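Chemist: 162 is the number of the first residue of the sequence shown in our numbering; add one for each residue after it.
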Amino acid sequence: MKSKSGFIFLSTLIAGTLDILAAIFVYAIILEKTTAVKILQSIASGIFKKEAYTAGPQMAWYGLGLHYLIAFIFSWFYFTIYPYLPVLRKSTVISGFVYGILVWIVMNLIVLPIMFPILPEKHFDFPLLLSITILMLCIGLPIASFAKKYYSIRE
Numbered sequence: 162m163k164s165k166s167g168f169i170f171l172s173t174l175i176a177g178t179l180d181i182l183a184a185i186f187v188y189a190i191i192l193e194k195t196t197a198v199k200i201l202q203s204i205a206s207g208i209f210k211k212e213a214y215t216a217g218p219q220m221a222w223y224g225l226g227l228h229y230l231i232a233f234i235f236s237w238f239y240f241t242i243y244p245y246l247p248v249l250r251k252s253t254v255i256s257g258f259v260y261g262i263l264v265w266i267v268m269n270l271i272v273l274p275i276m277f278p279i280l281p282e283k284h285f286d287f288p289l290l291l292s293i294t295i296l297m298l299c300i301g302l303p304i305a306s307f308a309k310k311y312y313s314i315r316e
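1) Comparing C-alpha positions only, which one of Ala308, Phe170, Leu174, Lys210 sits nearest to Lys251?
2) Taking only runs of the alpha helix (DSSP H) that begin and end inside the stretch 261-314, which ones reach a length of at least 4 residues, in chain order?
3) Under a Cβ-count criterion, where at least 16 other Cβ atoms within 10 Å of its own Cβ denotes burial, should His284 be classed as buried or exposed?
4) To the nearest angstrom, how far is the alpha carbon of Ile266 from that of Glu282?
5) To the nearest angstrom, how far is it from the Cα of Ser313 to the Cα of Lys199?
6) Using only alpha-carbon positions, find the residue among Ile262, Leu291, Val272 that is nearest to Ile304.
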């Protein structure tokens with residue numbers, strides 16, 4: 162695979178899959194706070210609001226699609242800015258972790274407040290650190306790795 166779109170697609174698939182599996186593993190299996198279907202329905206509720214929880218489990222599929230769309234947007238954005246920011250080439254791990262933090266900031270301080278005007282107050286605690294860590298490891302690092310691989314092939 163040598164095309165930019167192929168690398169973006171693969172990074173989206175890997176990052177999106179790792180992120181949703183981490184969320185399900187941590188919140189549904191380990192912490193037992195919810196179920197996999199409810200996690201996906203909550204993603205769908207960004208568009209479908211309360212109907213996402215009452216329209217049946219097929220809303221989980223809409224949530225999964227929306228999840229991958231969001232992963233694609235973050236992947237596409239990173240690939241787009243990579244050639245213009247030399248600092249991203251210095252360390253894949255550091256730039257991936259920083260990008261994961263940026264993804265958390267965008268999602269939790271911009272996107273979610275727009276989609277859901279009434280959200281619980283955020284506290285600097287274990288769940289917050291866990292959610293940031295998941296995005297650093299599952300979104301930021303894979304996307305940064307695929308971008309580095311793609312652009313190193315082109316040089």
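Note that the Cβ used here is the ideal one computed from N, Cα and C, for glycine as well.
Bear in mind the structure is a predicted one, so any value in this text is a computation, not a measurement.
Modeler: The structure says:
1) Ala308
2) 273-276, 287-296
3) exposed
4) 15 Å
5) 40 Å
6) Ile262
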